[in-house]
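Down below is the structure, laid out as structure tokens.
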Amino acid sequence: MRVAVTSGRLAGPLADGLAEAGHDVVRLVEREASGPGERRWDPAAGRIDGPGLSDVDAVANVFEANVWTRWTPAVRDRIRGSQVTGSLTVVSHLEPDGRCQRYANLSATSFHGDRGEVVLDADSGVGRGWLAQSTAAWEAAARHAPVPTVLLRTPAVLGVPGGMWERRKRGLLAGRMGHGRQWRSWIHIADWVAATIFLLTGRHEGPVVIAAPQPVREADFVAALARAHGRRPGLPVPEALLRASFGPDLTAEVIMASQRIVPQILPVELGFTYRFGGLDAALADVV
Numbered sequence: 002m003r004v005a006v007t008s009g010r011l012a013g014p015l016a017d018g019l020a021e022a023g024h025d026v027v028r029l030v031e032r033e034a035s036g037p038g039e040r041r042w043d044p045a046a047g048r049i050d051g052p053g054l055s056d057v058d059a060v061a062n063v064f065e066a067n068v069w070t071r072w073t074p075a076v077r078d079r080i081r082g083s084q085v086t087g088s089l090t091v092v093s094h095l096e097p098d099g100r101c102q103r104y105a106n107l108s109a110t111s112f113h114g115d116r117g118e119v120v121l122d123a124d125s126g127v128g129r130g131w132l133a134q135s136t137a138a139w140e141a142a143a144r145h146a147p148v149p150t151v152l153l154r155t156p157a158v159l160g161v162p163g164g165m166w167e168r169r170k171r172g173l174l175a176g177r178m179g180h181g182r183q184w185r186s187w188i189h190i191a192d193w194v195a196a197t198i199f200l201l202t203g204r205h206e207g208p209v210v211i212a213a214p215q216p217v218r219e220a221d222f223v224a225a226l227a228r229a230h231g232r233r234p235g236l237p238v239p240e241a242l243l244r245a246s247f248g249p250d251l252t253a254e255v256i257m258a259s260q261r262i263v264p265q266i267l268p269v270e271l272g273f274t275y276r277f278g279g280l281d282a283a284l285a286d287v288v
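Letter by letter, the sequence shown follows residues 2 to 288 in this note's numbering.
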């Protein structure tokens, strides 16, 4: 199968995984193409050079915005605008009767918002807060695709640069954040890649949570990370300090948000098998 993969921090691992599985990969890059396996795209301008997506069988849009900054009005516009326009750029190059008949669009578990102790899956609905609503708009843009579409609701990805994981791996947030009772959902990069290929080459449509089957509380995540490093956990970071450092909105909707996600569609309905279902094994592999 010939698959186009857009730019994004997950693009490299996904493209490598697709190639290892025997697929032909076309990379959409935000610079001049350097060979026949690349073509330039400009998500802000809605442009994909060359034949666009007319010569591929499937496309994986993993373009995303960095949310780890203070959410000023300008930053909010950039986050929502870039994700929506990126999805709409891909959608505008798809034809209902064209060769490309499979579309996977990155999304995030931030769709569900802060839900406390509630057990969540893909059918749990959109949560409250700006980030949840922004993620819903991101998915809504992808749903305009005229071909079968799967939405990849993704939590923190272990083993890939960026986001909360990068800060924790470097020790910047190695201690418990806040009270530590909030639930954390996560996925190892190898399982995320395998699940995305599994979904991209399958028939399932709609949102799917690509998370490990065992969410953990923040305090337990910190303890597991310390074990993987062979050291004591870092000092707890009070919520007031988090708010001062990251702003009240990101602190409330990302750092202190509780998401107890136990996926059903991927492992139960579709029969996907995880390589790293437990946090200790996942962290031991990536630290």
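Yeah, the Cβ is synthetic: ideal placement off N, Cα and C, and Gly gets one too.
For residue 181, there is no enclosing beta strand (DSSP E), since its DSSP letter is neither H nor E. Per DSSP, residue 216 lies in no alpha helix (DSSP H) segment and is marked neither H nor E. Of the candidates 71, 49, 116 and 74, 49 places its Cα closest to the Cα of residue 62.
For residue 109, the enclosing beta strand (DSSP E) stretches over residues 104-109. In terms of Cα proximity to residue 18, the closest of 100, 198 and 7 is 198. At least 7 angstroms separates the beta-carbon of residue 169 from that of residue 219. Contiguous beta strand (DSSP E) elements confined to the region 86-151 occur at 104-109, taking only those with 3 or more residues. Less than 7 angstroms separates the beta-carbon of residue 16 from that of residue 28. Counting the other CB atoms within 10 Å of its CB gives residue 44 a total of 16 or more, which places it among the buried residues. Annotated three-state conformation of residue 25 is strand, per DSSP. Looking from the CA of residue 56, the closest CA among 88, 5, 286 and 225 belongs to 5. The C-beta of residue 241 has fewer than 16 other C-beta atoms within 10 Å across all chains shown, which makes the residue exposed. Rounded to whole angstroms, residue 246 and residue 215 show a C-alpha spacing of 30 angstroms. In the DSSP assignment, residue 190 falls within the unbroken alpha helix (DSSP H) covering 190-201. Our two residues, residue 248 and residue 100, have alpha carbons roughly 46 angstroms apart in a direct line. Across the set 201, 134 and 236, the C-alpha of 134 shows the shortest separation from the C-alpha of residue 78. The alpha-carbon of residue 65 is positioned some 6 angstroms away from that of residue 84.
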